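Colleague:
Protein chains: 2
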Amino acid sequence: MTIDFETVDGIIEKNFEQTVAELRRLVAQPSVSAQNLGITECANLVAEMLSERGYATQIMLTDGHPVVYGEAQGTNNDRTMLLYLHYDVQPPEPLDLWLSPPWELTERKGALYARGVSDDKGHIITRLAALDALTEALGELPCRVKFVIEGEEEIGSPSIRPFIVENRELLAADACIWEFGGVNMDGNPTVSLGLRGIAFIHLWVESANRDIHSGLGGSVFPNAAWRLIWALNSLKDSHDNILIPGFYDDVVPASEQDLALLEKLPDLSDDWLKTYGLSHFIKGMIGSVELRRAAVFDPSCNIAGLTSGYQGDGGKTIIPKNATAKMDFRLVPNQTPEDILQKLRAHLDEQGFADVKFKMTGGYPPARVDPDNDYVKMVAQSAEEVFGLPALIEPIVGGSGPMAWFVEQFPDMPIVTAGAGYPGGKVHAPNEHIKIKNLKRAIRHTARIIGRFATDSA
Amino acid sequence: MTIDFETVDGIIEKNFEQTVAELRRLVAQPSVSAQNLGITECANLVAEMLSERGYATQIMLTDGHPVVYGEAQGTNNDRTMLLYLHYDVQPPEPLDLWLSPPWELTERKGALYARGVSDDKGHIITRLAALDALTEALGELPCRVKFVIEGEEEIGSPSIRPFIVENRELLAADACIWEFGGVNMDGNPTVSLGLRGIAFIHLWVESANRDIHSGLGGSVFPNAAWRLIWALNSLKDSHDNILIPGFYDDVVPASEQDLALLEKLPDLSDDWLKTYGLSHFIKGMIGSVELRRAAVFDPSCNIAGLTSGYQGDGGKTIIPKNATAKMDFRLVPNQTPEDILQKLRAHLDEQGFADVKFKMTGGYPPARVDPDNDYVKMVAQSAEEVFGLPALIEPIVGGSGPMAWFVEQFPDMPIVTAGAGYPGGKVHAPNEHIKIKNLKRAIRHTARIIGRFATDSA
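Protein sequences, first through last, are from chains A and B. Quick note, the first sequence lines up with residues -9 to 448 if you use my numbering. Quick note, the second sequence lines up with residues -9 to 448 if you use my numbering.
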């Protein structure tokens, strides 16, 4: 079996109007997991899109939202490609900032706008359009394909680990394409090979059963806000060193190869300073490689929110009865959420903060993929061929996702990113969009990945 | 001139229905300074109540809300009594917790309910009813009386200091009755002789021009919430010691006489633990006198509110662009807001927190009154006579108010509290009320204070 990708590209082009119509249909179905809005309807729609192509399709229930599973056989069923995607999206709010309705695919200046058009419905359509083109060119799929399309990615994928464990045999595959991907700010396609882990925690302290007038008890009663301040201060010093004993124990530093890959990536430091209005980076860090390294190979202890007492205009003289923090720890290989949170608890107790409670509200371990894998090289070469610029390899990215749960069950299955996104695409924000040019390229790239994976002698 | 207070009491009793009617009329006029609601109307109403009695009345404009000034001559115009009061009230919200409408005087179980019925409209009426009874008994007032009734007490009295400075001669008096007062939880009348000072501050730090995804920059970008934590932590250690250099320099400790007065006050420590659900007091403090002493003679550094980043349900992975704290410093003699805030600025700069900004949103210095004054003794004896239980003297109270601005201009004028309040009166809360019994007693007490002040040979 050899595949003429010029023919495949022609079919992709011929079908493109139909592809956009299918994307329009998919984004028109709201599916906000955080609000439990349209989830069942969207799972049904995605299942219909798979089954109308003849894929063996199941809507598989979990403790949370259902997973849509679809499987199709091909010419070479010794090879199985797993496609991980998600049909849920972020809330569209604030609605007044959208220039066109979030659930209505709208074309402006060569781009397609809608909630989920990039994250992740555009990628569901990308995979389908690529497989359609291969099927049309070859008469059938070149290999076995398995779709796992979940409905909880935007709320931390709480059900995906048990789902993978329970369906280990069903999901087994030789390679995987992850749910996102695209080009960087210079237009170079980027292949990302792993994700940091994360532990989300909600931390709180209560000092009284009600807010108390500060004139009465300001110099005699405990104050929850102060307890929170002191407890948090014990976690990280003002030079951004995390003080939890053992926190860094399992950190695997970036290798020579990792640093070499980071050196090829563009210098974003000036762009970061300008875009975010920063005066400096923490720890006095400077230089592209150092910043790139720290951003993905250093773990973090982040405060995402603080709440206590009176927050309105003017003042109110109270001792707040409670205080809370939303935090996320970004984890790097080989840290795990469970271990880090055990160390956090032990540290707080040791420091006299047994009254400071927390619960983990979600999380995953970090995941890495070996950059030396032939599959990774083929994906990068195919990207350069399609996008016209050299592909860059990110050894790991700073964000987080449930990739580790797949790696846990299938440690030998390489996972790559490939997609239609770009840095300006306003993912998770109003006016989310993808460029039409990138959507076409992502379909052609996906077709090449699956076609070559099916036929390469490797 | 001798005054038969039994006759005066009879007149107070005879007029009481009319007194309650006048209180009903006054609370029916909303006057929420924080919301600028009904202020002008209420100032006009109070002025009308003074002028219809023949007092020389002026509505005096300030940079904020007007002050109602009223003056009346009496038999002995060598003596002048100043009555400080305020016609503004706290917001009535949350409205759904009121058992009767906040602007409608309602009698239930021997008590009168309405917003402001205790703080402070009930005390305006108390002073008027006492003066009416004296006038009716004597044919005229026994001495000169000056009313200063301001409209910004509930928002920190920002205009009262310049008002007093500009009208120093107009306001000059030999003694003063402050705006509040009443009995303690055991029913003992309490005479309070001073107030702690306060400096309200709004403190903030900004680290970026927008919230940033924590997956991107969690280990490289500055985080405003962390900056706030570290800066606040530098102000007070976890043993509640305030760390600002020089903070305690001007503190005058409680004297032997102060401690002797505190010893006579009831032990509230168990009640505090139970009422507020506390497990302990700070610094391991125990014992009534020690707690009473710390509550009023120790300065405080209080956090009333913290705000940063995401505060909703679930999590959001952001690095917050800014973080704020609402704080109040309670000050004791001889601390001043200006000096303390200069020391705060110097400390933050010295500790590397020049990026942490603050502004003072209000404040007053502390105020003390000499407990050995004959006027104070007369007020206490009169209280015991009316309330039937020994009067207790609080050398200073933990709360704050603009008393210091009067002391600043009139250092020899003794100021006492006397009123109709009690600890269960829900001042500043829904269902604010006074007991009818206490209202009558407060009127009788006020009449005795003014009558004896006018006629005592001292």
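C-beta: ideal position from N, C-alpha, C; glycine also. Please read all numbers here as calculations on a predicted model, not as lab measurements.
1) So, at 7 angstroms on beta carbons, what are the nonlocal neighbours of T307 (chain B) in its own chain, with the 5 sequence-adjacent residues on each side left out?
2) Is it right to say L131 (chain B) is buried, meaning 16 or more other beta carbons lie within 10 angstroms of its own, or is it exposed?
3) In three-state DSSP terms, what is E3 (chain A)?
4) Please list, in chain order, all residues of the same chain as A448 (chain B) whose beta carbon is under 6 angstroms from its beta carbon, the five residues on each side excluded.
5) Could you name the residues of the stretch 234 to 266 of chain B whose beta carbon sits closer than 7 angstroms to any beta carbon of chain A, in the order they occur along the chain?
6) Which class does M(-9) (chain B) belong to by DSSP, given the choice of helix, strand or coil?
7) Here's the rule: buried if 16 or more other CB atoms are within 10 angstroms of the residue's CB, otherwise exposed. What is F443 (chain A)?
8) May I have the straight-line CA-CA distance separating S124 (chain B) from G441 (chain B), to the nearest angstrom?
9) By alpha-carbon positions, which one of B:G302, B:D318, B:P323, B:Q341 ends up nearest to L331 (chain B)?
10) If the criterion is Cβ atoms closer than 8 angstroms, does the pair V181 (chain A) and A394 (chain A) meet it?
11) Taking 8 angstroms as the cut-off, decide whether the C-beta atoms of I439 (chain A) and S372 (chain A) are in contact.
12) Since W216 (chain A) meets chain B, which of its residues come closer than 7 angstroms, beta carbon to beta carbon?
13) Contact criterion: CB-CB distance below 8 angstroms. Does L193 (chain A) meet it with respect to chain B?
14) Which parts of the stretch 303 to 371 of chain B are runs of the beta strand (DSSP E), unbroken and 3 residues or longer, counting only runs that do not cross its ends?
15) Quick one: is Q301 (chain A) near chain B, going by C-beta distance under 8 angstroms?
16) Please classify T65 (chain A): does DSSP put it in a helix, a strand, or coil?
17) When we look at the beta-carbon of N312 (chain B) and count the other beta-carbons within 10 Å, is it buried (16 or more) or exposed?
18) Can you check which of these residues, B:N199, B:K264, B:N324, B:L258, is closest to L268 (chain A) by C-alpha distance?
19) Using only CA atoms, which one of B:S197, B:T326, B:I383, B:Y266 lies nearest to A178 (chain B)?
20) Can you look up G172 (chain B) in the DSSP assignment and give me helix, strand or coil?
21) With distances taken from CA atoms, which of B:I154, B:D122, B:A33 is nearest K111 (chain B)?
22) Is there a Cβ from chain A that is less than 8 angstroms from the Cβ of S278 (chain B)?
23) Please go through the same chain and pick out, in chain order, the residues whose beta-carbon is closer than 7 angstroms to the beta-carbon of P243 (chain B), but skip the five residues on each side of it.
24) Could one say the Cβ of P361 (chain A) lies closer than 8 angstroms to chain B's Cβ atoms, at least one of them?
25) Look at the alpha carbon of L406 (chain A) and the alpha carbon of T265 (chain B), and state the distance between them as a whole number of angstroms.
26) What do you reckon, are the CB atoms on G187 (chain A) and L95 (chain A) nearer than 8 angstroms?
27) Using a Cβ-Cβ distance under 8 angstroms, would I386 (chain B) count as near chain A?
28) Would you give the residue range spanned by the alpha helix (DSSP H) that W395 (chain A) belongs to?
29) I want to see whether chain A comes within less than 8 angstroms of L281 (chain B), judged by CB atoms only; does it?
30) What did DSSP end up calling R117 (chain B) once you bin it into helix, strand or coil?
31) Just list the residues that DSSP pairs T96 (chain A) with in beta bridges.
32) Give a yes or no on whether the minimum CB-CB distance between L17 (chain A) and chain B is below 8 angstroms.
33) Mapping the DSSP letters down to three states, classify P152 (chain A) as helix, strand or coil.
34) Considering G295 (chain B), what are the terminal residues of the alpha helix (DSSP H) in which it resides?
35) For the stretch 165 to 182 of chain A, which residues have a beta carbon sitting closer than 8 angstroms to at least one beta carbon of chain B?
36) For D201 (chain A) and V366 (chain B), what's the separation of their Cα atoms in angstroms?
Modeller: With the structure as the only source:
1) H203, S204, G205
2) buried
3) helix
4) Caution applies to A448 (chain B), whose pLDDT of 48 falls short of 50 and renders its modelled position unreliable; the value that the coordinates give is listed next. Cβ within range, chain order: D364.
5) Y266
6) coil
7) buried
8) Here the sequence assigns Leu to residue 124 (chain B), which means Ser is not the residue at that position. Going by the C-alpha atoms only, they are around 7 angstroms apart.
9) B:D318
10) no
11) yes
12) K226, I293
13) no
14) 312 to 321, 347 to 354
15) yes
16) strand
17) buried
18) B:N199
19) Before going on, a small fix: residue 178 (chain B) reads as Asn here, not Ala. The candidate whose alpha carbon is nearest that of N178 (chain B) is B:I383.
20) strand
21) B:A33
22) no
23) F287
24) no
25) The residue asked about is misnamed: residue 406 (chain A) is Val in this sequence, not Leu. Their backbone Cα atoms lie some 60 angstroms apart in a straight line.
26) no
27) no
28) 393 to 399
29) yes
30) helix
31) A:Y103
32) Before going on, a small fix: residue 17 (chain A) reads as Val here, not Leu. It does not; no Cβ of chain B falls within 8 angstroms.
33) helix
34) No alpha helix (DSSP H) contains G295 (chain B), which is instead part of the beta strand (DSSP E) from 290 to 299.
35) none
36) 34 angstroms
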